[in-house]
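K.L.:
Supplied in structure tokens, the structure appears directly below.
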Amino acid sequence: MKSCPILINGSWSVPDTAETSPVHNPSTGEVIARVPMCGADVVDEAVTAATAAFESWWQTPPVERVRIMMRYCILLEEHFEELASLIVTEHGKTITEARGDLRRGIEVAEYACGITDMLKGEVLENVARGIDCSVVRQPVGVCVGICPYNFPALVPMWMYPMAIACGNTFILKPSEKVPLTGIRLIELFEEAGLPKGVFSVVHGGKECVDALLEHPGVAAVSFVGSSPVAEYIHRKGTSHGKRVQAAGGAKNFVVVMPDADFEKAVEGLTDAAFGCSGQRCMAGSTAVTVGSAGERFVPAIAKSAESLKVGPTHESAESKLGGVISPQHRDRVVGLIQSAVDEGCDLLVDGRHTKVEKYPQGFYLGASVVDGVKQGMRIFEEEVFGPVLNVMRMDDLDSALEMAGKVAFGNGACIYTKNGGIAREFRHRVKAGMVGINVGVPAPLAYFPFAGWDYSFFGDLHLQGRESVMFFTRAKVYTERWFTEGEGDIWHKD
Ligand code: NAD
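Here the numbering used here is used: the first residue of the sequence shown is 204, the next is one more, and so on.
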């Protein structure tokens with residue numbers, strides 16, 4: 204059985220920790236690796252190595268850092284299918300979804316290759332007579348990335364390519380549920396020529412995370428995961444003097460107007476609600492039908508949900524839903540569906556009892572559609588994070604916007620309509636940081652911020668895009684005056 208190594212000061216090793224945690228293939232239920240649960244001692248070694256490496260890494264010309272990043276991008280392409288298969292094995296998503304996970308991540312590394320332009324500062328001559336003022340951006344130091352399980356490649360890559368390109372050193376703590384992809388991604392980064400100590404990898408859970416948050420040598424923390432943990436990380440990290448960006452969970456609404464292109468809306472919602480088995484922070488987990496839209500849309504989405512084949516994603520491209528991440532998570536999702544039934548909802552499609560004969564130990568769940576969801580119900584308030592679509596029926600767009608405004612989360616929101624005026628009204632007024640118009644999963648690409656609001660994000664500067672350059676650097680302002688007379692005067696020799 205594979206034991207997951209840590210990386211400190213350029214060497215991979217398996218630490219001697221008593222406690223380990225299993226990594227599963229959700230499609231078979233098998234344990235495929237064990238991950239060490241590191242504590243403060245390992246974290247201290249990693250921070251010490253990262254601090255030492257920072258001294259020369261931040262002085263390395265940005266263009267030299269870019270050359271390493273470019274070699275890394277080439278290696279990622281060469282190992283693309285190997286990495287995608289690894290994602291399928293430890294996460295359970297389909298190979299197409301795994302390729303998307305990796306492709307979006309590689310795009311961040313490609314974006315980071317343009318850092319020479321993005322790091323350029325500002326200058327104003329003659330702020331007073333003969334005095335010039337300029338701003339440069341310098342890296343912050345040792346940065347840390349703490350990741351969730353649902354995007355084993357993309358989420359770590361939201362963080363480290365930009366941090367490293369900006370001249371920081373980086374410590375990655377992948378999700379203990381999916382550590383294998385992160386390890387392979389960093390083996391390739393090392394192969395691309397990263398100097399010793401610039402990158403470290405540690406594993407673990409709360410104890411490891413707390414040690415990272417408390418360590419005085421850590422300057423910045425990037426976190427992605429559930430909202431209660433994001434809030435905790437932000438509070439604890441900032442109280443220890445670190446800058447923190449912490450992206451949390453979500454509850455994303457997709458409004459279907461009576462004039463929508465229903466075929467496109469059903470296609471978009473099928474992917475948004477059930478893709479990656481609903482384990483996406485941008486999952487379209489609630490369809491809000493307006494007026495007569497429900498009569499056409501609801502039977503069609505139910506039919507589409509029923510048609511999704513559940514099965515081992517590592518064996519067959521026909522399988523559209525693999526296992527969810529763990530049996531505990533499956534039970535939680537089943538419990539939420541039951542709570543909706545108990546509170547009076549109609550379970551139009553019930554995926555709770557789906558079995559795959561060949562793999563009775565797999566963590567399977569079929570797609571479910573719950574109609575008649577209302578504010579105040581548990582399934583309305585909580586993030587489900589499974590292949591479950593809630594349906595809410597509203598009389599008009601105002602009611603839909605009002606309802607979305609009351610939800611604590613503020614990640615994504617979408618609308619399906621053919622009316623430009625309605626689309627504009629929606630995008631302008633809806634309380635969410637990422638908005639889709641006739642797009643079911645409006646996840647911004649590498650060069651735009653991943654802009655969650657409210658209970659979906661804690662901090663000021665988001666992941667991705669120019670905001671990440673701001674997050675991974677700090678401004679230094681020079682005010683300069685140069686005298687042209689007296690000693691050292693090279694212009695007036697006599
Ligand atoms: P999680 O919060 O359980 O875990 C995330 C990370 O935090 C892991 O590395 C874990 O080891 C660590 N952790 C867990 N509990 C902790 C604690 N008490 N103290 C300190 N560290 C702790 O999240 P998950 O289940 O791995 O991932 C799913 C969640 O991530 C969902 O809520 C999803 O919406 C969210 N997510 C958000 C975004 C976004 O951009 N907003 C993107 C992807 C995933």
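Every residue gets a Cβ at the ideal spot worked out from N, C-alpha and C, and that includes glycine.
Using only the alpha-carbon positions, how far apart do K512 and V326 sit?
P.N.:
59 angstroms
K.L.:
Answer yes or no: do M240 and H406 have a C-beta to C-beta separation smaller than 8 angstroms?
P.N.:
yes
K.L.:
Check whether the Cβ of E683 lies closer than 7 angstroms to any heavy atom of the ligand NAD, and answer yes or no.
P.N.:
No, Cβ of E683 sits at least 7 angstroms from all heavy atoms of the ligand NAD.
K.L.:
With H, G and I counted as helix, E and B as strand and the rest as coil, what does DSSP make of V457?
P.N.:
strand
K.L.:
Count the other CB atoms within 10 Å of the CB of A331; is the residue buried (16 or more) or exposed (fewer)?
P.N.:
exposed
K.L.:
Looking at C-alpha atoms only, which residue of A463, N212 and V291 is the closest neighbour of T251?
P.N.:
Checking every option, the nearest Cα to that of T251 belongs to N212.
K.L.:
Report the rounded CA-to-CA distance for M595 versus D549, giving the unit in angstroms.
P.N.:
The alpha-carbon atoms of M595 and D549 are separated by roughly 11 angstroms.
K.L.:
Which term fits Q262, buried or exposed, when burial requires 16 or more other beta carbons within 10 angstroms of its beta carbon?
P.N.:
exposed
K.L.:
Going by beta-carbon coordinates alone, are L210 and S403 separated by less than 8 angstroms?
P.N.:
yes
K.L.:
If you follow the beta strand (DSSP E) that Q448 is part of, which residue opens it and which one closes it?
P.N.:
Segment R446 to A450, the beta strand (DSSP E) holding Q448.
K.L.:
Indicate whether F653 and A475 have their beta-carbon atoms separated by less than 8 angstroms.
P.N.:
no
K.L.:
Would you call the segment 307 to 323 and the segment 529 to 541 in contact, with 3 or more CB pairs under 8 angstroms?
P.N.:
no
K.L.:
Determine the contact status of C484 and G452, defining contact as a CB-CB distance below 8 angstroms.
P.N.:
One thing to note: C484 has its Cβ within 8 angstroms of the Cβ of G452.
K.L.:
The ligand NAD and S378: does the residue's C-beta get closer than 7 angstroms to at least one heavy atom of that ligand?
P.N.:
yes
K.L.:
Given that a residue counts as buried once 16 or more other Cβ atoms are within 10 Å of its Cβ, and exposed if not, what is A520?
P.N.:
exposed
K.L.:
Flag Y658 as yes when its Cβ comes closer than 7 angstroms to any non-hydrogen atom of the ligand NAD, and as no otherwise.
P.N.:
no
K.L.:
Quick check on Q541: does DSSP put it in helix, strand or coil?
P.N.:
helix
K.L.:
Within 7 angstroms: the Cβ of N455 and any heavy atom of the ligand NAD?
P.N.:
Result no, Cβ not under 7 angstroms from the ligand NAD.
K.L.:
If you draw a straight line from the C-alpha of S510 to the C-alpha of G471, how long is it?
P.N.:
Whole-angstrom Cα-Cα distance: 15 angstroms.
K.L.:
Can you look up M673 in the DSSP assignment and give me helix, strand or coil?
P.N.:
helix
K.L.:
From which residue to which residue does the alpha helix (DSSP H) around Y314 run?
P.N.:
I298 to A315
K.L.:
Just the Cα atoms here: how many angstroms apart are V245 and V573?
P.N.:
46 angstroms
K.L.:
Considering only residues of the same chain and omitting the five flanking positions on each side of A395, which have a CB-CB separation below 7 angstroms?
P.N.:
I271, R274, Y275 and L278
K.L.:
Taking only runs that begin and end inside the segment 614 to 677, name each unbroken beta strand (DSSP E) of 3 or more residues, in chain order.
P.N.:
615 to 619 and 637 to 640
K.L.:
Nearest to V576 by CA position, among M597, F566 and V559, is which residue?
P.N.:
M597
K.L.:
So within the segment 373 to 455, which uninterrupted alpha helix (DSSP H) runs reach at least 4 residues, ignoring any that extend past its ends?
P.N.:
382 to 394, 409 to 417 and 430 to 442
K.L.:
For T489 and N593, which I take to be in contact (beta-carbon distance under 8 angstroms), what is that distance rounded to the nearest angstrom?
P.N.:
4 angstroms
K.L.:
DSSP state of A463, grouped into three classes?
P.N.:
coil
K.L.:
Give a yes or no on contact between the segment 626 to 641 and the segment 277 to 292, applying the rule of three or more CB pairs nearer than 8 angstroms.
P.N.:
no
K.L.:
Taking the beta carbon of E300 as the centre, do at least 16 other beta carbons fall within 10 Å, making it buried, or is it exposed?
P.N.:
buried
K.L.:
What's the gap between the Cα of A256 and the Cα of L397?
P.N.:
Cα-Cα distance, rounded: 11 angstroms.
K.L.:
Using 8 angstroms for Cβ pairs, my map puts M204 next to V238. What's the rounded Cβ distance?
P.N.:
In fact, because the Cβ distance is near 11 angstroms, the residues do not count as touching under 8 angstroms.
K.L.:
Provide the residue span of the alpha helix (DSSP H) that contains L279, from first to last.
P.N.:
P265 to E281
K.L.:
So what does DSSP say about M485, is it helix, strand or coil?
P.N.:
coil
K.L.:
Span of the beta strand (DSSP E) holding S259?
P.N.:
For S259, no beta strand (DSSP E) segment is defined; the enclosing uninterrupted segment is the alpha helix (DSSP H) at A243 to W260.
K.L.:
Please state if the CB of F588 and the CB of P229 are separated by a distance shorter than 8 angstroms.
P.N.:
Their beta carbons are not under 8 angstroms apart, which means P229 does not touch F588 by this criterion.
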